[in-house]
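What follows is the structure in structure tokens.
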């Protein structure tokens, strides 16, 4: 799987290259600025891009902007955005086109190599990987208001949280140590309570959840 | 071009007519009221009526100021002394207010101006409509109306022409047309002249400007002190947070690593446990640093500017918050930062104290002024004053010559309005 990597801090870039290579990714390019990233994404057509939000030369949200522009040019281009901080605002922008294949994680998640690589693979496959911090903020915010989310049982909330992060039923079942069938039952209950049409597609599932959480703002 | 000139002349004529009436009626009424009211101070009643009358007079003068600016591009600054913030209420407050207003030289200049504005100034203004209307009168005379007037024995004079025949009436019409053509060139200048007279009377004198400057220097000194105090307190807070938080965690991590090094061979199980703890410590140190950075300068503010930073802030609040932003550019970083934290503090206040279930933030920039309103539908009753969160915001904005206004009647709603002069780039 071919990866384009954009990160301006040398140590972190170097570490990411080594880590991804250890997990059998092919690093097509490892760049350190926005313009280089745009060029690499255009010319190399990678399977997935791993991008730092803040990149030179502007040192603002250049990485995010390049990634969004590249996705407009090539819809569905898988992009995993890393950031020193996570903001719902940016998560929404990434999810806005509804094409899936996006991820938005805190840089610290890199510490857990296995989980990080799993997230890269999920994004490359067209799924989503949202940082638990984003999801938690969303859920705590919505539950404060008098919304249908209040009708969920604690277990169902747990499942929704993991689902929103982009996990498959199998992965959720494994993490919560229950059978996959139990999870399937929970998800159909959740969709029922939230008034959402059931879909088999993992990615559309997350988008539906986020779209639901988004409404009424 | 000619059409524009014609339009300008007619508009100026209408304005001249309006100003004549406005100047005469307003000045005479206000002058009489002021003189009576000030005279009645001896009887005691005047103490209560004078501030009201003088406030009315200031409103009248301020209407003139804004008309002068918008109609004729004549800016007339004002130099009323501001009331001290600790003005008492009730009878003593009234007496204080009365004496403060009477001691203000701007009040006396306003009164002198009223005299000018009811004598010379209307004459200047009334010329503008007259030049136009006179032509109509000349034509009416020429159309035959001169005859009955003449027959009735009225020796009608049109300017310097004694109208006694069709011939002279025609001359009158011609002269009237001449006046009209003159109006095309002088009308806007006449209206402007009216305002220039007002400016000569009520714009601050050199001495008043000096005093205003001195007041401004006082205020700058005060806000500079506040700014220095604030930033010193902020530095102390940051130092303390670093020392108690991230730094302590890194030390703990180093100690754990030392222990691990010592026991990795003798007690691998314990070492593994410590490694997990060290990793947890590093994660928490990162979280603390992140929160600290957000408290100093939020990343979204640095990356996207004020609008998106407040939007991002609203997304994290436990209350539904609507953010409406109309900013064509970005302000300077210190202004953005002050505005952001002022909004953030207002929102925190709204959430903690107002009992509201909805909040609205409106931000826009117009006339070199960044205006922000934070409104909630809570129970109201917020007050500014020493020790309240709102006075903290006031001090923060004061450094940039910004002001804060709070409207919060008991029962709600509360509206906090902030204005900061700044340019966007």
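Chains as they are written, first to last, in UniProt numbering: chain B, 1 to 217; chain D, 1 to 425.
For glycine and all other residues, C-beta sits at the position ideal for the given N, C-alpha and C.
As the structure is a computational prediction, the values presented were derived from the model and not from experiment.
| Check | Outcome |
| --- | --- |
| Residues of the segment 306-336 of chain D in Cβ contact with chain B at a cutoff of 7 Å, in chain order, please. | 308, 311, 312, 315, 316, 318 and 320 |
| Using a Cβ cut-off of 9 Å, pull out every chain D residue sitting near residue 54 of chain B, in sequence order please. | 299, 302 and 303 |
| I'd like to know whether the C-beta atoms of residue 64 of chain B and residue 53 of chain B end up nearer to each other than 8 Å. | yes |
| Closer than 9 Å, Cβ to any Cβ of chain B: which residues of the UniProt domain "Histidine kinase/HSP90-like ATPase" (334-424) of chain D, in chain order? | 357 |
| Tell me whether residue 422 of chain D, by its Cβ, gets closer than 7 Å to a heavy atom of the ligand FAD. | Absence of the ligand FAD is noted for the structure shown, with no ligands found whatsoever. |
| Could you pull out every residue in the same chain whose Cβ sits closer than 8 Å to the Cβ of residue 298 of chain D, ignoring the five residues on either side in sequence? | 309, 312, 313 and 340 |
| Report buried or exposed for residue 46 of chain B, applying the criterion of at least 16 other Cβ atoms within 10 angstroms of its Cβ. | buried |
| Counting contacts by CB-CB distance shorter than 8 Å, is residue 153 of chain B in contact with chain D? | no |
| Return the residues of the segment 13-38 of chain B that lie within a Cβ-Cβ distance of less than 8 Å from chain D, sorted by chain order. | none |
| Starting from residue 111 of chain B, find everything on chain D with Cβ-Cβ shorter than 9 Å and list it in chain order. | 279, 282 and 283 |
| Three-state secondary structure (DSSP) at residue 162 of chain D? | strand |
| What's the gap between the Cα of residue 295 of chain D and the Cα of residue 83 of chain D? | 36 Å |
| If I measure Cβ to Cβ from residue 195 of chain D and keep anything under 6 Å in the same chain, skipping five residues before and after, which residues do I get? | 68, 72 and 74 |
| Decide yes or no for the touch test of the segment 1-18 of chain D against the segment 178-196 of chain D: beta carbon pairs closer than 8 Å, at least 3 of them. | yes |
| Between residue 182 of chain D and residue 141 of chain D, which are expected to be in contact by the criterion C-beta below 8 Å, what is the C-beta distance as a whole number of angstroms? | Wrong, their Cβ atoms sit about 19 Å apart, outside the cutoff. |
| Leaving aside the five residues before and after residue 106 of chain B along the sequence, list all residues of the same chain whose C-beta is less than 7 Å from its C-beta, in chain order. | 83, 86, 131 and 133 |
| Since residue 89 of chain B meets chain D, which of its residues come closer than 7 Å, beta carbon to beta carbon? | 300, 308, 311, 312 and 315 |
| Using the three-state DSSP reduction, which class does residue 178 of chain D fall into: helix, strand or coil? | helix |
| Inspect the beta-carbon positions of residue 80 of chain B and residue 31 of chain B and report whether they are closer than 8 Å. | no |
| Select from B:58, B:185, B:118 and B:190 the residue whose C-alpha is nearest the C-alpha of residue 160 of chain B. | B:190 |
| Any C-beta of chain D sitting closer than 8 Å to the C-beta of residue 118 of chain B? | no |
| Under 6 Å Cβ to Cβ from residue 325 of chain D, same chain only, skipping five residues before and after it: list those, please. | 307 and 363 |
| Is residue 275 of chain D helix, strand or coil when you go by DSSP? | helix |
| Tell me which residue opens and which closes the alpha helix (DSSP H) that residue 80 of chain D is part of. | From DSSP, residue 80 of chain D is part of no alpha helix (DSSP H); its letter is neither H nor E. |
| Hey, how far is the Cα of residue 74 of chain B from the Cα of residue 40 of chain B? | 13 Å |
| Taking DSSP's pairing of strands, which residues face residue 48 of chain B in a bridge? | B:3 |
| Determine the chain B residues that contact residue 286 of chain D at a beta-carbon separation under 8 Å, and present them in chain order. | 108 |
| For a test of the three-state rule: what should DSSP assign to residue 156 of chain D, helix, strand or coil? | coil |
| Spell out a yes or no on whether the segment 221-233 of chain D and the segment 134-149 of chain D are touching, meaning 3 or more CB-CB pairs, one atom from each, closer than 8 Å. | no |
| Measuring CB atoms only, is the segment 48-59 of chain D touching the segment 21-38 of chain D, in the sense that at least three cross pairs come out at less than 8 Å? | yes |
| Ordered along the chain, which non-local residues of its own chain (more than five positions away) have a Cβ less than 7 Å from that of residue 270 of chain D? | 263 |
| Please classify residue 364 of chain D: does DSSP put it in a helix, a strand, or coil? | strand |
| Which residue spans inside the segment 219-264 of chain D form an unbroken alpha helix (DSSP H) run of at least 4? | 246-263 |
| Just how far apart, CA to CA, sit residue 122 of chain D and residue 111 of chain D? | 16 Å |
| Near residue 120 of chain D, which residues of its chain fall below 7 Å by C-beta distance, leaving aside the five closest residues on each side in sequence? | 197 |
| Tell me the rounded alpha-carbon separation between residue 49 of chain D and residue 41 of chain D. | 9 Å |
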